[in-house]
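Chemist: I'd like to ask you about the structure that follows.
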Amino acid sequence: MKDFSDFFGINGFLEHELSSFEYRESQQQMAELIFQSLEKNSNAIVEAGTGTGKTMAYLIPAIVHAKENDEKIAISTETKALQRQLVEKDLPLVQNIFHKYLGVEFKYSIALGSSNYPCRRRFDHFVKKGEYEKSDMEYIEKIISLFKSRKIFTSHEADAPFRIWAEICRDSEMCEQQRCFLSYNCPFMAAKREWMQSDVLVINHYLFFSNIASGKTFLPMTETVIFDEAHSLESVAIGQLGFSIDYEMLVSLLQRFHQKKGRGAIYVIEDEDFRDKAIAFVDKISREANKFFEKLRNDFGEKEITRRIKSEVPTGYDLLKTLEDFVDLLDECKEQSGEDFKIVFEPARLRITAYKNSLHAFLHQTLEEYVYWIEKNESGLLGNIFLNARPVKVDRAFINDVYPFYKSSVFVSATLSVKDDFSFFKESIGFNDGLEKIFPSPFDYSRQMIMFLSGQLPEPDDSEYTDVTAKYCEEMIKITEGNCLILFTSYSTLKNIKSLLAKRIDNLIFSQDEMTASKALALYLANPGSVLMGTHSFWQGIDLPGDLLRCVIITRLPFSVPDTPVMEARVEMCKNSGHNPFVHIQIPEAVLKMRQGVGRLIRSAADIGIVAILDSRIKTKQYGSIFEKSLPNCVKVSTIGELKGKYREILLKS
Ligand code: SF4
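Going by this note's numbering, 1793 is the number at position 627 of the sequence shown; the sequence numbering is gapless.
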């Protein structure tokens, strides 16, 4: 087995280049395992506990392997922010190490979704038409100077309002790529050339699956794909491999074809007869759409938000037929000279074709193992109605569209196992064969973390639950003098507990029910000793090292309830295959989410603090042991008195 001690060992390359480096045996072992899986062309699942240094532990062996074998790697992570961290911080460090100590050079680049890039052709068209406000000039001038720089830029650098960016961003349906006469000075084409020349391509999970959904035409192929933050893959894949269509989308599509004063895609075609027919179709589609969506809206109960559709929809066929006839008419149009045909007509034609195809799939339910539902959004136009379809499971997508196309697919995250077992994750991604390994966190939890668990608290459906939970939160906040994160599974419990707590403590409270998550977090950071309250995004999305976080309170075990159509369909499918969905889906999902919540507390070897799980079911129910056995091996207490004593002890020792 290849020895990676030159990189990860004491006095190794990383120690020389990284002032914060600490030797971790597990980091080197993880690198060796990743290298082994790539050498064997094998897949791998690796859980690397917080503090392992997983990013270096997969980047370095993957690049060594790629350079030795003249191969390319894709690294997929969850968010654009994490992509930027890789290309701005981690990869420059690795590049410097390879150059300085090995004399080896490699290239890397970042790939974002199509609409993040500007289109030179659409921009010129937009400016020429002059359909913008005087106050937009500052953005337009900035974008002109970015184009002049001939550098690759994206919406991030342009920083223009969405309404402008939507008019000038790349439109995959009109872009002719190499055949485009402006491709020589196109940031998107320059980015694509850079992707092709890179040894390491940094993408995100959304882009990975939208590339699959669009027939794998967007991204270059690589021999290896490494999914970091792999715990979020299933939910991203479900979102990207489905579709949603609605009334407003159709209205704005029709406006692309025909607006007042002879504007719109129809007028690109110089044929009076065609225009008359097309205008008649636009009017008819508009009428049919009104009838169809109005009927769906009226069928909805006043308080109804979503409705599962389990058989063919009995209405909507007049709209579908009119759309089909309109698309046939558009398909017959011959290409016209001039920019308008490519920039205005073709994208509109392809979009309405896609809309028609989605409506057909929805009405006839043609996609296998998909769940279909109608959803009402009260804030939209006339209570907008959405028609949705999502795959119930995505294991087939991995089996058919991922594993056969890569020599190695590697899945990495800090939370993939339940009671040291990967079965739940493996089933979700159809993983049948490959290496599997858990590298526990190197942190000394027995010294750094105290966990409060009690079987004496009222259960969540008990009438005293809210009041008692608020009292325990108050105790924790007083013990740690604030800097607490309180995690909830619902806004209603959050609001109830917040209103009780606000009367009992002097600490400032910043809560996700009153402001965005990023604003609540910024205010929490600006006010030491305060309390941060949040629901879903705070369970896994924040990193508060050191004294920024002294206590994490989990108010309730995070079971998902089967009230969303996708979850309901998964539960049904599980039952139909003879399994118990509570055991096979809800418990493992909740364990992973709880582990992510608990993982917010200890982010470095110097951190100390309290985790309190205020749901007595972890002690009183049989399944509670699955949760408890998945928690770090730390000091556990069950009374406030014990907690105060132990917290004092770890404070003194720290
Ligand atoms: S190549 Fe595509 S993105 Fe670039 S200018 Fe042409 S149409 Fe626009």
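Beta carbons: idealized from backbone N, C-alpha and C, even for Gly.
Classify Gly1269: buried if its beta carbon has 16 or more other beta carbons within 10 angstroms, exposed otherwise.
Modeler: exposed
Chemist: Quick check: the stretch 1192-1204 against the stretch 1548-1563, are at least 3 beta-carbon pairs closer than 8 Å?
Modeler: Fewer than three Cβ pairs drawn from the stretch 1548-1563 and the stretch 1192-1204 lie within less than 8 Å of each other, which leaves the two stretches out of contact.
Chemist: Determine the closest residue to Ile1392 out of Ser1574, Glu1213 and Asp1491, with distance taken between C-alpha atoms.
Modeler: Ser1574
Chemist: Is there contact here, the stretch 1725-1739 with the stretch 1666-1680, by at least three beta-carbon pairs under 8 Å?
Modeler: no
Chemist: Going by DSSP, which residues form a beta bridge with Val1537?
Modeler: Arg1556
Chemist: Taking C-beta to C-beta, are His1397 and Thr1581 nearer than 8 Å?
Modeler: yes
Chemist: Quick check on Ser1410: does DSSP put it in helix, strand or coil?
Modeler: Correct three-state label for Ser1410: strand.
Chemist: Going by the CB atoms, is the gap between Leu1373 and Gly1219 shorter than 8 Å?
Modeler: no
Chemist: Quick one: does the C-beta of Leu1348 sit closer than 7 Å to a heavy atom of ligand 2?
Modeler: For ligand 2, the structure offers nothing, since it holds only ligand 1.
Chemist: Among Asn1566, Glu1534, Phe1564 and Ile1565, which residue has its Cα nearest to the Cα of Arg1556?
Modeler: Nearest C-alpha to Arg1556 among Asn1566, Glu1534, Phe1564 and Ile1565: Glu1534.
Chemist: Looking at the structure shown, is Cys1717 part of a helix, part of a strand, or coil, going by DSSP?
Modeler: strand
Chemist: Asn1554 and Tyr1538: beta carbons closer than 8 Å?
Modeler: yes
Chemist: Out of Leu1516, Ser1583 and Thr1730, point me to the one whose CA is closest to Arg1474's CA.
Modeler: Among Leu1516, Ser1583 and Thr1730, the Cα nearest to that of Arg1474 belongs to Thr1730.
Chemist: For ligand 1, any of its heavy atoms closer than 7 Å to the Cβ of Arg1316?
Modeler: no
Chemist: Are the CB atoms of Ala1431 and Phe1511 within a distance shorter than 8 Å?
Modeler: yes
Chemist: I'd like to confirm something about Phe1313: is its beta-carbon nearer than 7 Å to some heavy atom of ligand 1, or not?
Modeler: Not one heavy atom of ligand 1 lies closer than 7 Å to the C-beta of Phe1313.
Chemist: Relative to the alpha-carbon of Pro1258, which residue among Ala1247, Glu1244, Thr1245 and Lys1273 has its alpha-carbon at the smallest distance?
Modeler: Lys1273
Chemist: If we count the other Cβ atoms within 10 Å of its Cβ and call it buried at 16 or more, is Phe1704 buried or exposed?
Modeler: By the Cβ neighbour-count rule, Phe1704 is buried, with 16 or more other Cβ atoms within 10 Å of its own.
Chemist: Straight-line CA distance for Leu1817 to Leu1714?
Modeler: 15 Å
Chemist: According to DSSP, which residues form a beta bridge with Pro1284?
Modeler: Cys1335
Chemist: Given the structure, does Glu1827 come close to ligand 1, in the sense that its CB is under 7 Å from one of the ligand's heavy atoms?
Modeler: Not covered by the structure: residue 1827. The range shown for the chain is 1167 to 1820.
Chemist: Could you tell me whether the stretch 1241-1260 touches the stretch 1640-1647, where touching means 3 or more Cβ pairs closer than 8 Å?
Modeler: no
Chemist: Would you mind listing the alpha helix (DSSP H) stretches within the stretch 1746-1799 that are 4+ residues and don't spill past its ends, in chain order?
Modeler: 1753-1764, 1783-1786 and 1790-1795
Chemist: Measuring alpha carbon to alpha carbon, tell me which residue in Leu1184, Ser1171 and Val1212 is nearest Phe1588.
Modeler: Val1212
Chemist: Is the stretch 1232-1250 close to the stretch 1608-1617, with three or more CB pairs under 8 Å?
Modeler: The stretch 1232-1250 vs the stretch 1608-1617: no contact.
Chemist: With Ala1214 as the anchor, note down where its alpha helix (DSSP H) starts and where it stops.
Modeler: It is not in any alpha helix (DSSP H) - Ala1214 instead sits in the beta strand (DSSP E) that spans Ala1210 to Ala1214.
Chemist: Going straight from the alpha carbon of Leu1407 to that of Phe1591, what length do you get?
Modeler: Rounded to whole angstroms, Leu1407 to Phe1591 spans 19 Å at the Cα level.
Chemist: Going residue by residue through the stretch 1437-1511, where are the continuous beta strand (DSSP E) segments of at least 3 residues, counting only ones entirely within it?
Modeler: 1472-1475
Chemist: Just to confirm, is the Cβ distance from Ile1318 to Ala1379 under 8 Å?
Modeler: no
Chemist: Pair every Cβ in the stretch 1169-1186 with every Cβ in the stretch 1280-1298, then say whether three or more of these pairs are closer than 8 Å.
Modeler: Output reads no: the stretch 1280-1298 does not touch the stretch 1169-1186.
Chemist: Taking 8 Å as the threshold (C-beta atoms), are His1750 and Ile1827 in contact?
Modeler: Any question about residue 1827 goes unanswered here, given that the chain covers just 1167 to 1820.
Chemist: With the cut-off set at 8 Å, would you say Leu1723 and Val1584 are in Cβ contact?
Modeler: no
Chemist: Residue range of the beta strand (DSSP E) that Phe1374 falls in?
Modeler: From DSSP, Phe1374 is part of no beta strand (DSSP E) but of the alpha helix (DSSP H) over His1371 to Ala1379.
Chemist: For Pro1608 versus Ser1349, is the C-beta spacing smaller than 8 Å?
Modeler: Cβ distance not < 8 Å, so Pro1608 and Ser1349 don't count as in contact.
Chemist: Measure the C-alpha to C-alpha separation of Glu1490 and Asp1484 and round it to an integer number of angstroms.
Modeler: Roughly 10 Å separates the two Cα atoms.
Chemist: Whether or not the stretch 1619-1638 and the stretch 1691-1703 are in contact is what I'm after, with contact meaning three or more pairs of Cβ atoms, one per stretch, closer than 8 Å; do they touch?
Modeler: no
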